[in-house]
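The listed protein sequences correspond, in order, to chains C and S.
Letter by letter, the first sequence follows residues 5 to 142 in my numbering.
Letter by letter, the second sequence follows residues 493 to 725 in my numbering.
By construction, the Cβ of each residue, glycine as well, lies at the ideal position given by its N, Cα and C atoms.
Structure, as structure tokens:
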Amino acid sequence: MPLRVLYVEDNALVREITCELLTDDGREIVAVATGEEALYAFQQSRFDIVVTDVSLPAMSGIDLVRHVKTISPSVPIIVASGYPLNLEDYRLGSKIRSIVKPFDAPQMNTLIQDLCAGLDLSDLSATSAPKSSDLAAP
Amino acid sequence: MNAVPLGDVLEAAAFALVSGRCRQAYLHDLRGGLQAIHASLELLARSAKIPGENPAVLEKGFALARRAMDGHEKSLTEVMHQITPRQESGISINLGELVGELLRFLTHEASNKSVTFRADVRPDVVVVAQTHRCRLLLLGLCVVTLDGLPPGAVIDVKVGRAQAHALIEFESDLPCPAIRNPQDLWHTVQVSLSPYELLLALAWRWVDANGGRIETAPESGTRNVLRIHYPMA
Numbered sequence: 005m006p007l008r009v010l011y012v013e014d015n016a017l018v019r020e021i022t023c024e025l026l027t028d029d030g031r032e033i034v035a036v037a038t039g040e041e042a043l044y045a046f047q048q049s050r051f052d053i054v055v056t057d058v059s060l061p062a063m064s065g066i067d068l069v070r071h072v073k074t075i076s077p078s079v080p081i082i083v084a085s086g087y088p089l090n091l092e093d094y095r096l097g098s099k100i101r102s103i104v105k106p107f108d109a110p111q112m113n114t115l116i117q118d119l120c121a122g123l124d125l126s127d128l129s130a131t132s133a134p135k136s137s138d139l140a141a142p
Numbered sequence: 493m494n495a496v497p498l499g500d501v502l503e504a505a506a507f508a509l510v511s512g513r514c515r516q517a518y519l520h521d522l523r524g525g526l527q528a529i530h531a532s533l534e535l536l537a538r539s540a541k542i543p544g545e546n547p548a549v550l551e552k553g554f555a556l557a558r559r560a561m562d563g564h565e566k567s568l569t570e571v572m573h574q575i576t577p578r579q580e581s582g583i584s585i586n587l588g589e590l591v592g593e594l595l596r597f598l599t600h601e602a603s604n605k606s607v608t609f610r611a612d613v614r615p616d617v618v619v620v621a622q623t624h625r626c627r628l629l630l631l632g633l634c635v636v637t638l639d640g641l642p643p644g645a646v647i648d649v650k651v652g653r654a655q656a657h658a659l660i661e662f663e664s665d666l667p668c669p670a671i672r673n674p675q676d677l678w679h680t681v682q683v684s685l686s687p688y689e690l691l692l693a694l695a696w697r698w699v700d701a702n703g704g705r706i707e708t709a710p711e712s713g714t715r716n717v718l719r720i721h722y723p724m725a
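Dropping the structure here:
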């Protein structure tokens with residue numbers, strides 16, 4: 005089964021291009037623009053990893069991480085930001101890494117592989133995953 | 493010795509305050525643009541390595557890279573516009589668009605503090621003003637309000653009309669300065685104005701000189717309301 009990635013980025017162009025890059029590595033990407041849409045998507049379907057921008061309108065990336073970790077404490081999360089983040093200050097839990105923009109695909113791939121190493125992807129067929137790369141909250 | 497108007501000195505101080513305070517926001521904005529360029533070029537390079545010619549894929553890659561570079565150039569221009577003080581005569585400004593742009597610019601600042609901006613703007617509110625001064629004061633008021641609020645707070649920003657005036661309203665949990673009239677802040681001999689008070693004083697001078705007025709009062713219990721009435725174009 006392909007690795008399922010929930011990707012959250014409010015900049016439409018960055019979202020579109022990064023989505024193309026990550027998809028090319030044989031993953032299934034669901035891309036959304038806001039923390040609220042991401043939380044809705046996460047509650048509706050199963051994801052192996054969440055990649056989120058820290059700066060989002062309304063719900064921030066950090067708040068999204070807190071919500072996601074409450075639902076699923078073990079899900080790996082990558083937080084992308086325009087400046088270095090000390091994630092320890094936020095006490096968000098385990099399996100969380102940060103990456104500074106601009107990052108390239110190999111950097112992101114290495115992080116995803118590190119965080120997702122050992123994940124069992126075989127039971128994903130039990131979930132009904134949205135096929136569209138854009139998923140909107142109601 | 494040349495006399496320097498006090499207003500210019502205060503405005504320069506406010507300018508330095510806002511510019512310094514927003515450096516992270518500038519950085520974040522520009523790094524977002526670089527991310528788009530970086531990723532689009534990587535995508536383009538990847539497309540070029542695909543065996544056999546595929547004009548459609550390459551064309552898409554070029555189009556994305558072009559959009560990324562155009563977007564970054566626009567961001568650079570906006571940042572330069574914010575950090576470079578300059579004299580200019582009044583021009584028509586759509587306040588709704590300006591406020592929308594400033595709040596978008598402050599997204600990451602607000603995210604960091606878990607403070608939410610809620611905007612309610614009319615699209616047809618146009619005034620004649622010096623863009624730099626207008627932007628500086630509105631951005632400054634947003635930033636110092638943001639700084640004074642606890643995590644989870646909400647700042648409501650409205651742009652609308654009230655009779656012949658444009659109305660910009662900020663409502664937040666920020667404690668209101670213990671002074672009834674912003675005009676008093678301008679004329680006070682007190683040298684320890686807070687950043688909020690300094691910007692309020694500058695806003696009063698700017699608005700008053702253009703035939704408008706400012707109201708500030710705690711309303712609805714502890715909510716602080718600042719209303720700027722400015723003549724419509």
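- The CB of L96 (chain C) never comes closer than 9 Å to any CB in chain S; the least such distance is about 13 Å.
- Residues are counted here when their Cβ sits less than 8 Å from a Cβ of chain S; for the segment 14-26 of chain C these are D14, N15, L17, V18, E20, I21, T22, E24, L25, given in chain order.
- When C-alpha distances from A35 (chain C) are compared across C:L43, C:Y44, C:C23, C:D52, the shortest belongs to C:C23.
- Residue state for N604 (chain S) is assigned as helix, using DSSP reduced to three classes.
- Near chain S, meaning a CB-to-CB distance below 8 Å, the residues of the segment 99-117 of chain C are V104, K105, P106, F107, D108, A109.
- The C-beta of I583 (chain S) has fewer than 16 other C-beta atoms within 10 Å across all chains shown, which makes the residue exposed.
- Within the segment 581-645 of chain S, the beta strand (DSSP E) runs of at least 3 residues that lie entirely inside it are, in chain order, 583-586, 608-613, 618-621.
- Residues of chain S with a Cβ closer than 8 Å to the Cβ of L60 (chain C) are, in chain order, T599, S603.
- One thing to note: P723 (chain S) has its Cβ within 8 Å of the Cβ of A656 (chain S).
- Identification of residues in the segment 64-95 of chain C having a C-beta nearer than 9 Å to some C-beta of chain S yields S64, G65, I66, D67, A84, S85, G86, Y87, given in sequence order.
- By the rule that beta-carbons nearer than 8 Å mark a contact, T623 (chain S) does not touch chain C.
- Taking the Cβ atoms as the reference, L594 (chain S) lies roughly 5 Å from L631 (chain S), within the contact range of under 8 Å.
- The beta carbon of A548 (chain S) does not come within 8 Å of any beta carbon belonging to chain C, so the residue lies off that interface.
- Under a 10 Å Cβ-count criterion, M572 (chain S) is classified as exposed, with fewer than 16 other Cβ atoms of the shown protein chains found around its own Cβ.
- Chain C places a beta carbon closer than 8 Å to that of R559 (chain S), counting this residue as a contact.
- Judged by beta-carbon spacing, D665 (chain S) lies within the 8 Å limit of R715 (chain S), meaning their Cβ atoms are closer than that value.
- Spatial neighbours of T38 (chain C) in its own chain (CB-CB distance under 8 Å, excluding positions within 5 residues in sequence) are listed in chain order as V12, D14, L60, P61, A62, M63, A141.
- Spatial neighbours of F554 (chain S) in its own chain (CB-CB distance under 7 Å, excluding positions within 5 residues in sequence) are listed in chain order as L536.
- Here I529 (chain S) has A557, A560, M561, H564 as same chain residues with Cβ atoms under 8 Å from its own Cβ, once five neighbours each way along the sequence are excluded.
- Pairwise C-beta distances place the segment 514-532 of chain S in contact with the segment 98-117 of chain C, as three or more of them are shorter than 8 Å.
- With a threshold of 16 other beta carbon atoms within 10 Å, E551 (chain S) falls short and is exposed.
- For F662 (chain S), the pairing in a beta bridge is given by DSSP as S:V649, S:L718.
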